[in-house]
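For the sequence shown, UniProt numbering assigns the number 1 to the initial residue and increments by one for each residue that follows.
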Amino acid sequence: MVRGHTQQKVHPGMSSSQNRKTAHYGAVTGLRTTTDGMHLLSSGSDSRLRLWDIDSGCNTLVNFEAMRLQTSKPLQLAVTDDPSLVFIPCMSSIKAYNTWSGTTFQTFRGHYDHVNCCYYNSQDQELYTGSNDRQILVWSPSTPALTEMV
């Protein structure tokens with residue numbers, strides 16, 4: 001990672017081949033910073049989610065509960081503003097994890113094919129998800145069910 005004009009930091013997944021630390025045991029498929037800019041979340045084709053401290057470049061070693069990720073294309077992750085939750089597409093569902101403990105907070109089901117992306121709208125507290133089923137679903141805490149965008 002590069003900061004400013006003269007200071008350069010190398011994220012463990014991007015260091016030289018001599019001193020290489022492995023971010024994932026497979027391709028890195030998604031990246032997302034927390035809204036406070038202090039942490040970076042990465043997903044990989046190894047079906048792992050990692051939380052990195054941006055200043056030190058170190059893995060925080062949060063043990064995220066098991067997930068099954070799509071490995072053939074990039075994924076778009078979403079994070080709440082506070083940033084207590086991270087949303088990640090997991091095959092045909094979306095899982096919300098506690099960012100700091102790694103425990104599953106909630107699983108969203110409604111798509112009929114692989115979910116590729118998600119976006120959290122903090123103003124309306126809504127989660128938008130897009131899938132290979134050609135649907136965009138809106139998940140809102142104010143309604144018990146989901147809303148389909150047309």
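Ideal Cβ placement from N, Cα and C applies to all residues, glycine included. Because the structure is a prediction, the values reported are computed rather than measured.
### Message
Do serine 131 and aspartate 113 have their beta-carbon atoms positioned less than 7 Å apart in this structure?
### Response
yes
### Message
Does phenylalanine 64 come out as helix, strand or coil in the three-state DSSP assignment?
### Response
coil
### Spatial distance of tyrosine 128 from phenylalanine 108 (CA atoms)
Their Cα atoms are separated by approximately 11 Å.
### Task
Spell out the partners DSSP gives arginine 32 in its beta bridges.
Under DSSP, the beta-bridge partners assigned to arginine 32 are Leu41.
### Query
Under three-state DSSP, which class holds proline 89?
strand
### Message
Considering only DSSP beta bridges, list what cysteine 118 is partnered with.
### Response
Thr129
### Task
Look at alanine 23 and serine 42 and say whether their C-beta atoms are less than 7 Å apart.
When the beta-carbon positions are compared, alanine 23 and serine 42 come within less than 7 Å of each other.
### Whole-angstrom distance between glutamine 76 and threonine 104, CA atom to CA atom
Rounded to the nearest angstrom, the two C-alpha atoms are 18 Å apart.
#### Entry: Contact check, residue 151 vs alanine 78, beta carbons under 7 Å
There is simply no residue 151 to check, as the chain begins at 1 and stops at 150 in what is shown.
#### Entry: Alpha carbon of tyrosine 25 to alpha carbon of aspartate 46, nearest angstrom
6 Å
### arginine 50 vs asparagine 63 beta-carbon contact at 7 Å
no
### Message
For threonine 33, tell me which candidate among Lys73, Ile54 and Gly102 has the shortest Cα-Cα distance.
### Response
The shortest C-alpha to C-alpha distance from threonine 33 to any of Lys73, Ile54 and Gly102 is the one to Ile54.
### Query
What's the call for glycine 37, buried or exposed, on a 16-neighbour Cβ count within 10 Å?
exposed
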